[in-house]
Structures are given as structure tokens and as C-alpha cells.
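Chemist: Just passing along the structure, written as C-alpha cells.
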Amino acid sequence: MTISEAELPVARATSVQAVAPRCNVSDFIFEQAKQRPEQAAVIEHATGRRVTYAELAKRIENITFGLTQLGICNGARTVFAIKPGIEFVETVFALFRAGAVPVVVDPGMGVDNMLKCIEEAQPTALVGIPMAHMLSKLKSRAFRSVKQRVTVGRRWLWGGASLDELRARNVTGAQAAPTTAETTAAILFTSGATGVPKGVVFRQGVFVGQTEMIRDAYDIQPGEVDVPCFALFALFSVAMGVTIVLPDIDFSNPGKASPAKVVDAINAHHATMSFGSPAVWKRVGPYLEQTGVTLPTIKRILIAGAPVPFTTLAMFKGKLAPEGDLHTPYGATESLPFSTISASEILGETRLDTANGAGTCVGKPLPGVNAKVIRFVDGPIASLDDAEELPTGEVGEIIVNSPVTTQEYFNRPENNKLAKIRSAGVPPAQGTAAPPVPESLGHGARDSARLWHRMGDAGYFDANGRLWFCGRVNHRVETANGTMWPIRVEAIFNNHDAISRCALVGLGDRPNQVPCIVIELHDGHIPEKDLRERIRSELQRMADAHELTRGIRYFLFHEGLPVDVRHNAKINREALKHWADTQLPEVTQ
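Under this note's numbering, the first residue of the sequence shown is numbered 632, with each subsequent residue one higher.
Dropping the structure here:
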């Protein structure tokens, strides 16, 4: 049916809007629809379904109107539980446009953690697949604040609307919510791989800034084709005017992605770019070598989530477009992008230093990104005036301040105190959340007024202004002879031919921990005793020969190091430390 102008919800300008200009990441889609209406915006490779930008904009407009009628708008926190596909893209942009706040929780963190995150967010709406609605009924405590529902798929006994009903309306001229750069856009929960999952508050200006920074950093042009292996990154691409082709993989389990399906999607659609975890490309690289297949149209592959092995980067040499390269952006959920470096620079300039314990080079901070390395402090740092910036070459904690640095965690005042630092000379804010930054300030002033984020990572700057990552601050091993950093130490042992990867853990408690190396071999199996002893002996000689590793005496074998749920690449060192303590109890007593 057709909705008349009189029936449309009215989004009146407010006094805030009079001061601050409109800002909403969904506007990118409508601009692309004007410029390239017939270009495909989203393609599902497995099903062949596709929508053009004109169709996507129309769907978003219709869904936005329906959401607003239901009251899912203007700050309504909404659990977002849709599998990657056309519905995923159109619905999340409609939520942004309605001014609702999607609450995104990674299901891979486990049901219990997921439910805790949802309960903490206190959502008033649920937009998701039938399984999500069923879970909300079975685990009603976590969803007790939910009042409105939209089902993506078949609706059963839980009521509410269906996405098909919202999409089928024919709305013209629907007004979007009067959002500004400081309007809360989404709450994205961290995976919990390096601590307790926390809800990161994203404002509309951060999403817009991320889209522009990623586009400019990699010279991404409208009309290109992206095969994303991480669903959330796909939203940036479609906002840039890049066609996204969703491969036939389980996005929640990248470590088991079929390399053949990823490659098929890339070559069938002549893709120019792709983004994914190291776990994906660690599978695709050998597949290319074994089959002789190449990716002749790929200009750039972005790999993020954990340090990338040299062997993975080297596998793609000569298999991309002539100007093609791999890039490893660095950042965190709370501040992304931060810096970037290409495989060419790594393999040509930094590889040997990394192999000898220098850490992992993550490149120079991108334009607009202010970064510092400060002396470690356990506990909060109220102001940058209280932090000691370290000189070139000295390892400390990495902090960042940029237009895409998020300013707070949702309902986590203590975490805000620990993770955020006021800019120098800026007075404390009232309450625990970061105050809005007035739009009347110039861009430079606004950036300097933003809070600095403590990355929780250790590193240092070299003489060329490049940042070197040494490991997470809370993964450091403090021994009687000094501090050891996992990324630096592990790189030395990873030079052994039999080792796929290893992890440094500290047995016992700081500051008198005993360093131990946990080893995963290429075949993933624990070898027989004679081979174990031979490898241990060789690793001991390597340890004794290097200043950074001298003093390491314990080596354990593990069938498969535990990894994070989001990228299947970061080593879960907390779980590994607990396991190692049980293997060598005599050391910790």
C-alpha cells in the first residue's frame, strides 16, 4: 500500500539540531542511490539475490518508517540479531536512519556471556531472526525490557511485526531522525578476548569518520567490488559506493571458512578488495598455492584481528593484480582505524627485525590520528597532564586520540575511568560518560577536546615514526629479572621450522612469574616423547642465544592454542595460562 504524506512521522528540528548539523551514516546510501542507482549494492553469492542502490535506499526508507511507527527510533536500544545478507544491510541502516541504537553482541562469545551483555544493555526492542526471538522467550530475564519486536523471517507466537511487512510499504518522503555527530548510533560489544565484554558506544560522527578514513587510507573508489569476510566491515564498503558480494561462509567462524568459496566469490565477481581475519587468509593462501588459482582483479586485501604471520603474507606474492597488495590495519573496537602497513613494507623492511624480537610493526598513524606511548600506570590516569610520554624506542602503553576514537563504554563507569584520559587542560566532565563535543568548535579543537583511549597495548615508536606492537599490557610476564613481552618473545621461537605458533605465559603471579612457552606444531598434534625432547632442546638453545629469551626453561606442547571468538586468530592467553599452571604446578608453588 502507499503511505500518504499526512501519515508520515514528523521529525521536527530541535534546538540541538539548530546548533549542530545533521549527521547520519545512512545518508551515504541515499547519496550513492542518487549517483549510481542501478549499480548493485549487495549481492549474495550463494543465492544470487541482489539489490541495487536505488532498491536498497527504497527498502531502507520503508523499513525506517515502519520502525518509527513501532517506536523503534530516537535512541531506542535494539538487539540486532540478523545473519549477514541483504536483510542485515538494509535493516541496520534503517535502524541508524530511525535514530534507534542497534545493540550488537557476538554470538560466538557463548550464550551466557551474550545474555549478560544483552541484559546489561537493557534493550527496548529486538530485531532478529526467529531463533533470536525464541531465545528471548526461553531466556526471558535478559530480554525482560524488550517491548517491540520485528522478526526477520517467519513470525511465530511472540507477536510484533515482520520485516517483510515493513519493507512492503511504499513510503515517499519519509523524514529521518534528526541525528547529529554526537547522537548515539550503536552499542557494539567487544568479544571479551582480552577481558570482560564491554559495550562500546558509537556516535554517528564516529561511523561517518571511519567510513571516510578507511576510504582515504586505501584509495577505495565507488564502483569497486568487495568480498568481505567480516560482516560489519561490509557496511563501510556499501556506504562508499562499493558493491559487496557476501561469500557463502559462516561469518561467525572465520577459522573454518572454505577457501574455495571465498576465492570463487572473488573471481566470479571480479572483486577488487576483501577484508578478513588472519584465520581466513591462512586458509586461502595455501589453497592458491595448491590449485594454482590467482586473484588477478584484487587490488587490496585487508587483514586485521591479530598479528599476521610472514608466511601468510608471502603466499599472496604474484597472485594479485599487478598493483595489488595486502595491508594489515591496526586498531581496536574503541578506535579504528589507527594505523596501517602493507605486506610489501613488512616483507621488504620490517620482517627481519620482527623475527629477532623487535615486535610487530603496525605502520604510521593515519592522518588525523594522534598517538603517544606513555609510561605504564596500573589504575586510572585522569588527565594527559598526569601521563609521562616516553621517548622513541622505549616500550610503554599506547594511547590514541582521533575523530574515530569512541568516548565511553555503556553503563561501565569504572571501565571508563580505566580506559579514558582527558586531554591536557580539559576540566573533568560531570558524571561518568564523556560529554558531547560542541559542533560550534572547529574540527581541530573538537579533536583535541576528545578523550584519549588507552589501547591496552604495549609498544614503541621507531625513529621513522612507525609504531611497533609488543603485546597486550595485561599479557606481560613479570619475572624477577624483568618484563617479557609476548609478541617480541614468541617471534624468536616461531623461527623454528616445526612450530606453527607459540605463546608466552607467566607461571605463577606477578612480579615473580616464571616464563613458559606453549607450542603448537604445524600438524596440530603433540609429538612422541623423543621428538618433543629434541624440539625442546633446540628451543632451549634458541632461548639461550637471545637476550630477550634468556632464562626461559619451560616448554609445553598444545594440540591447538585457544583463540578468540570473533576473528579466530588472537590467542586466548588467560585460558592458556590457567592450563599451563595446571601442567606445571610444582613451578607455581
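By construction, the Cβ of each residue, glycine as well, lies at the ideal position given by its N, Cα and C atoms.
Nothing here was measured: the structure is a model prediction, and the numbers come from that model.
Quick one: what does DSSP say Asn842 is sitting in, helix, strand or coil?
Modeler: Per the sequence shown, the amino acid found at residue 842 is Thr instead of Asn. Helix at Thr842.
Chemist: What's the call for Gly900, buried or exposed, on a 16-neighbour Cβ count within 10 Å?
Modeler: Checking the sequence shown, residue 900 turns out to be His, not Gly. By the 10 Å Cβ count, His900 comes out buried.
Chemist: So Ser822 and Asp881 are supposed to be a Cβ contact under 8 angstroms. How far apart are they, rounded?
Modeler: Not quite, the Cβ-Cβ distance comes to about 16 angstroms (not below 8 angstroms), so this is no contact.
Chemist: Should Gly706 and Thr811 be called a contact, given that it needs their Cβ atoms to be closer than 9 angstroms?
Modeler: no
Chemist: Tell me whether Arg1103 sits in a helix, a strand or coil according to DSSP, three-state version.
Modeler: strand
Chemist: Nearest CA to the CA of Asn1042: which residue from Asn1203, Val858, Phe906 and Phe820?
Modeler: Phe820
Chemist: Suppose contacts are defined by Cβ-Cβ distances below 9 angstroms. Is Leu919 in contact with Thr928 by that definition?
Modeler: no
Chemist: Would you call the stretch 1197-1217 and the stretch 1169-1181 in contact, with 3 or more CB pairs under 8 angstroms?
Modeler: no
Chemist: Have a look at Glu721, Glu796 and Leu698 and flag the residue whose alpha-carbon is nearest the alpha-carbon of Ala756.
Modeler: Leu698
Chemist: What are the boundary residues of the alpha helix (DSSP H) that Lys1160 is part of?
Modeler: Unbroken alpha helix (DSSP H) run through Lys1160: Lys1160 to Ala1176.
Chemist: Let's see if you can read the secondary structure: which residues bound the beta strand (DSSP E) around Arg1119?
Modeler: From DSSP, Arg1119 is part of no beta strand (DSSP E) but of the alpha helix (DSSP H) over Pro1117 to Phe1124.
Chemist: In the DSSP assignment, find the alpha helix (DSSP H) that holds Ser889 and state where it starts and stops.
Modeler: Per DSSP, Ser889 lies in no alpha helix (DSSP H) segment and is marked neither H nor E.
Chemist: Where Gly949 and Asp956 are concerned, what is the direct C-alpha to C-alpha distance, given to the nearest angstrom?
Modeler: 10 angstroms
Chemist: Using the C-alpha atoms, what's the distance from Pro1044 back to Ser970?
Modeler: 28 angstroms
Chemist: With a Cβ-Cβ cutoff of 9 angstroms, do Ala817 and Val869 count as a contact?
Modeler: no
Chemist: Closest to Phe1278 by C-alpha separation, out of Lys665, Gly716, Val781 and Ile660, would be which residue?
Modeler: Because residue 1278 is not part of the residues shown, which for the chain are 632 to 1220, the question remains open.
Chemist: Would you kindly work out how many angstroms separate the C-alpha atoms of Ala651 and Glu813, rounded to a whole number?
Modeler: Going from the Cα of Ala651 to the Cα of Glu813 covers about 9 angstroms.
Chemist: Let me make sure I understand the geometry here. Which of Ala729, Val893 and Asn898 has the alpha-carbon closest to that of Val911?
Modeler: Val893
Chemist: In chain order, what residues of the same chain have a beta carbon less than 7 angstroms from the beta carbon of Lys1048, not counting five sequence neighbours either side?
Modeler: Contacts found: Pro1011.
Chemist: Have a look at Pro953 and Lys930 and give me their C-alpha separation to the nearest angstrom.
Modeler: 8 angstroms
Chemist: State the CB to CB distance for the pair Gly1027 and Ala1089, rounded to an integer number of angstroms; the pair is presumed to be in contact (CB under 8 angstroms).
Modeler: That pair is a contact at about 7 angstroms.
Chemist: Would a C-beta distance cut-off of 9 angstroms place Thr695 and Val781 closer than the cut-off?
Modeler: No; because the gap between Cβ atoms is not below 9 angstroms, this pair is not in contact.
Chemist: What does Met904 pair with, by DSSP beta-bridge criteria?
Modeler: Asp857 and Arg931
Chemist: From what residue to what residue does the beta strand (DSSP E) around Lys995 run?
Modeler: Thr991 to Pro996
Chemist: Going by DSSP, what residues sit across from His1084 in a beta bridge?
Modeler: Val1031 and Lys1051
Chemist: Expressed to the nearest angstrom, what Euclidean distance is found between the alpha-carbon atoms of Ile1123 and Ala986?
Modeler: 6 angstroms
Chemist: With 16 as the cutoff for other CB atoms within 10 Å, does Pro890 come out buried or exposed?
Modeler: buried
Chemist: What residue range is occupied by the uninterrupted alpha helix (DSSP H) comprising Asn1199?
Modeler: Looking at the DSSP string, Asn1199 is not in any alpha helix (DSSP H), and its letter there is neither H nor E.
Chemist: To test your reading of the DSSP string, which unbroken alpha helix (DSSP H) runs of 4 or more residues are found completely within the stretch 654-738?
Modeler: 658-666, 684-701 and 717-729
Chemist: Which residue from Ile1005, Arg708, Arg1097 and Val783 puts its Cα closest to that of Leu794?
Modeler: Val783
Chemist: Whole angstroms are fine: how far does the CA of Cys704 sit from the CA of His764?
Modeler: 20 angstroms
Chemist: Of the choices Phe906, Ala685 and Leu746, whose alpha-carbon is the least far from that of Val858?
Modeler: Phe906
Chemist: Would a C-beta distance cut-off of 9 angstroms place Asp1195 and Gly962 closer than the cut-off?
Modeler: Contact check for Asp1195 against Gly962 fails: the beta carbons are separated by 9 angstroms or more.
Chemist: If we call anything under 9 angstroms between Cβ atoms a contact, is Ala807 one with Ala729?
Modeler: In this structure, Ala807 lies near Ala729, with their beta-carbon atoms less than 9 angstroms apart.
Chemist: Between Arg1103, Ala792, Pro917 and Gln663, which has its C-alpha nearest Gln700's C-alpha?
Modeler: Ala792
Chemist: Would you check if the stretch 1016-1035 and the stretch 834-846 touch, i.e. whether three or more CB-CB distances between them fall below 8 angstroms?
Modeler: yes
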